[in-house]
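What follows is one structure encoded as structure tokens, with my remarks underneath.
Residue numbers (my numbering): 34 to 1002.
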């Protein structure tokens, strides 16, 4: 190693009349290491720290790196070689708030001490600056208990021409026999090609700065320890400990080079670089690990391990190159480290004796417990920080804290993919997620917590998940996931605390604000410091409806199945489309597109009544993927299309889900409207009172009368629905434009119905009605059959904002059919009958599970899965096309007891049944109504039959079917 003590100073500047005056503010100690002879110097970057030139290693197309040690504050000067000027730059971690100055092709900034940094300039490859703390434990190169591999009798080849394995191993053996404490094997600067090295008890391997241990990549130089089945590749444990080793250390500022790209591509061979196995009291402090051909650092079945100042610089053009995987080990600390590579830099895993990697591990499988990852930087195509995928044994007390995700496809998460192990008490605390720009396994999100059962062992559980103090600068483009495998293999005791999402200065208050929308099989979540209810989800009118696409690499129906794990994909061309058939005209007003990585940059949302003639309701030329939540003027349509004209990637178009929202059951849509008088202009008209726009906005203010304005009088507006309908509710929306909230709402009025527009029946009467706010005013009444509905104001409200003129006005009027389940006689295969539950509480109008009216629940064969049903007898045949099932929403039971597999059936005689709805594998819902539409049927009886029930963890995993309310329309 070559080191200098530099008494140099960086500067602050005091502006005066003659310019900037430099003032000394700090002194730094810089230790620079010579560029190893086998590495080329970067042609992209030059680096100085204070006045010391630091070699920059040319590495991959993604980044070059520089490694040195320092103490104290220092000025960093980066030269962008070949660039005339610096037009853009970034310095990470962003939480350090480092800003620089540029002059020509130089970027200068000051650091207060040693840091690991990632700098990008002018869109070029990154420069990774690995500034380690100054060495305080560097040994002498010779002396008692020190075994210098270049000295006699070892005489190791430090040129890289020959193998140094025997020399280094002999030094290790002699150090292990030293009786004065831990023997030190000293490796001076140079290149050392080495085969397998066994690190024995009471041995410390010291790598001087500038020293490189080099893996040859030639299989004959090594012992094969296992075979990577997925890659059909032999793997060796390169630097390993024998079983039972104790008090082993690797430290210094040298490099351990896995030579993985050469080894894997030329010889299909790889190494686990550092393998403490069956070991206690192992320490790693300081060396740089690079180019691993397999999982780099793999402690296994060991305990009391410390990894500090660890730099793992792997490549992005090869996989299975994890950084450190803590396997079946206990009491592990990974602290102050940077991990870079295609695969996961920081994980914990547990296996068993049947898995390829663990076949040769000594002893029996062990759990993971008490593992702390602290002060890290992660840059990867996979997870920044992860537990899993291996969960064959239990894991507990795993913490990731005070760390940064520079870039990843998933910021933080648990992937319980293989095994039945229980994960208990995992914490992610104080994580700064800077970028989520990669897509892996069709996932690009900041948070991903899942139980998969990919090996069909049955899956495990996750109990006590703490996610706190997370700054999400980039949430990715796919949904955050919180998803257990089943009601018994679920995620429980979940807390999200102080999660700040992009564009927000305050913590998220529910999972929707965190974009964690892919959810199933988890217990209620606690959100701190403030929690609000999850938004009530509007019914997805497109769910399981027929779909058609211009091309189909994957079926178009997969974008309408409610499953965020399946997707439609088009051919790789710009002109592609997909549309859904809602079955009948519906007043649609919103679409939500959940893009996979292949998204649309230019596209339109189009609607049609016939599937031939299309109208644009939304157009964009700036699509950027992720989730597009699109609202538009309500439009009556049967077909809804995404029409792509320009892709946002080299792929085609791909949608996880394509949701359509609108107003269902509003019989005023399409009705003819007449009035005693009407203002007809660009804002007001009779046509605008039932156009689906509930707010008084420019271009659609609704309807207002226009007669006898200076005196109180009578006005009316009438709706012709075209034929008799069974109705039981009218919603009147008051004006809510600025300065007119509630104005022109009548004081005295009636709502009348008629079958012939001549003979009228009054169903609602109001007198002295107070001026409303901007909320809908709903008026329910006993169900009647009518074609015409009239709202007649007999005492109007003068409007001070309109010179006290007398008008009647509504932005929107909606008319609803009656809930045909109301008053129906309910029977069931079994029923819990008490003050909270009974068959007559499932159609009592109470849509929420509240004390005294929780709804209905079955009460038979509770310990085994079985079939239950509930039947409504409406007394006579009715026309129907929709059933709404309201799930339980009492605390701790949201969505519980909603069946997994079920049908909805209709009958005219309670004997012969027709199935109109079938669902299998239905995900546990939230608190939103679950709406099921079908081709209109005439029936007296409606049956909901659950054939696979959902066990409820809050009810000793008993099997019941339960609904808070059932409505039929």
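Yeah, the Cβ is synthetic: ideal placement off N, Cα and C, and Gly gets one too.
Spatial neighbours of residue i within its chain, please: C-beta separation below 6 angstroms, excluding the five flanking residues on both sides.
i, result
"residue 809", "764, 766"
"residue 586", "602"
State buried or exposed for residue i, treating a residue as buried only when at least 16 other CB atoms are found within 10 Å of its CB.
i, result
"residue 494", "buried"
"residue 560", "buried"
"residue 922", "buried"
"residue 375", "buried"
"residue 776", "buried"
"residue 188", "exposed"
"residue 995", "buried"
"residue 979", "buried"
"residue 999", "buried"
"residue 968", "exposed"
"residue 163", "buried"
"residue 335", "buried"
"residue 363", "buried"
Does DSSP put residue i in a helix, in a strand, or in coil?
i, result
"residue 289", "strand"
"residue 336", "strand"
"residue 224", "strand"
"residue 491", "coil"
"residue 233", "coil"
"residue 723", "coil"
"residue 253", "helix"
"residue 92", "coil"
"residue 578", "coil"
"residue 590", "helix"
"residue 1001", "strand"
"residue 263", "helix"
"residue 129", "helix"
"residue 56", "Confidence in residue 56 is poor, its pLDDT being 33 and thus under 50, which makes the residue's placement unreliable; the coordinate value appears in the next sentence. Residue 56 falls in the strand class under three-state DSSP."
"residue 548", "coil"
"residue 71", "coil"
"residue 1006", "With the chain represented from 34 up to 1002, any question about residue 1006 goes unanswered, as that position is not in the structure."
Within the continuous alpha helix (DSSP H) that includes residue i, where are the two ends?
i, result
"residue 199", "198 to 209"
Would you check whether the ligand MN has a heavy atom nearer than 8 angstroms to the C-beta of residue i?
i, result
"residue 111", "Of ligands this structure carries none, so the ligand MN is not represented either."
Identify, in the order they occur along the chain, each residue of the same chain with its Cβ nearer than 8 angstroms to the Cβ of residue i, setting aside the five sequence neighbours on each side.
i, result
"residue 895", "991, 992, 993"
"residue 91", "72, 73, 74, 75, 76, 77, 97"
"residue 897", "992"
"residue 225", "182, 189, 190, 191, 193, 197, 201, 244, 245, 246, 247"
"residue 742", "838, 839, 840"
"residue 306", "248, 271, 272, 289, 291, 322, 325, 329, 330"
Does the CB of residue i have a neighbour CB from chain C at under 9 angstroms?
i, result
"residue 339", "Reference to chain C is not applicable here, since this structure consists of a single protein chain."
Would you mind reading off the limits of the beta strand (DSSP E) that contains residue i?
i, result
"residue 484", "478 to 484"
"residue 825", "810 to 828"
"residue 85", "85 to 87"
"residue 932", "Premise fails: residue 932 is in no beta strand (DSSP E) and is neither H nor E."
"residue 705", "705 to 708"
"residue 453", "First-last for residue 453: undefined, no H or E at that position."
"residue 965", "963 to 981"
"residue 440", "428 to 440"
"residue 656", "Looking at the DSSP string, residue 656 is not in any beta strand (DSSP E), and its letter there is neither H nor E."
"residue 512", "Neither: residue 512 is in no beta strand (DSSP E) and is coded neither H nor E."
"residue 241", "Note, residue 241: premise wrong, no beta strand (DSSP E); not H, not E."
"residue 113", "107 to 113"
Residues in the same chain with beta-carbon distance under 7 angstroms from residue i, minus the five sequence neighbours each way, listed in chain order, please.
i, result
"residue 256", "229, 269"
"residue 431", "381, 401, 404, 420, 459"
Inset, instruction - Report yes or no: do the stretch 923 to 934 and the stretch 548 to 566 share at least 3 C-beta pairs separated by less than 8 angstroms? - result: Because the criterion of three Cβ pairs below 8 angstroms is met, the stretch 923 to 934 and the stretch 548 to 566 touch.
Legend entry - the stretch 949 to 968 / the stretch 841 to 859 touching (three or more Cβ pairs under 8 angstroms): With contact defined as three or more Cβ pairs closer than 8 angstroms, the stretch 949 to 968 and the stretch 841 to 859 are not in contact.
Inset, instruction - Could you tell me whether the stretch 680 to 695 touches the stretch 745 to 765, where touching means 3 or more Cβ pairs closer than 8 angstroms? - result: Counting Cβ pairs under 8 angstroms, fewer than three are found: no touch.
Legend entry - Cβ contact check for the stretch 782 to 796 and the stretch 867 to 883: 3 or more pairs under 8 angstroms: Contact between the stretch 782 to 796 and the stretch 867 to 883 is absent, because fewer than three Cβ pairs lie under 8 angstroms.
Inset, instruction - Decide if the stretch 501 to 515 is in contact with the stretch 575 to 586; the criterion is three or more beta carbon pairs, one per stretch, under 8 angstroms apart. - result: No, the stretch 501 to 515 does not touch the stretch 575 to 586.
Legend entry - Three-pair Cβ contact test at 8 angstroms for the stretch 175 to 183 versus the stretch 397 to 404: Judged by Cβ distances under 8 angstroms, the stretch 175 to 183 makes no contact with the stretch 397 to 404, as fewer than three pairs qualify.
Legend entry - the stretch 662 to 671 / the stretch 713 to 723 touching (three or more Cβ pairs under 8 angstroms): Too few Cβ pairs lie closer than 8 angstroms, so no.
Inset, instruction - State whether the stretch 146 to 162 contacts the stretch 267 to 287, with contact taken as three or more CB pairs (one from each stretch) at a distance under 8 angstroms. - result: The stretch 146 to 162 vs the stretch 267 to 287: no contact.
Inset, instruction - For the stretch 310 to 329 and the stretch 349 to 364, state whether three or more C-beta atom pairs, one from each stretch, are separated by less than 8 angstroms. - result: Contact between the stretch 310 to 329 and the stretch 349 to 364 is present, because at least three Cβ pairs lie under 8 angstroms.
Legend entry - the stretch 681 to 690 in contact with the stretch 637 to 654 per 3-pair CB rule at 8 angstroms: At 8 angstroms Cβ cutoff, the stretches do not touch.
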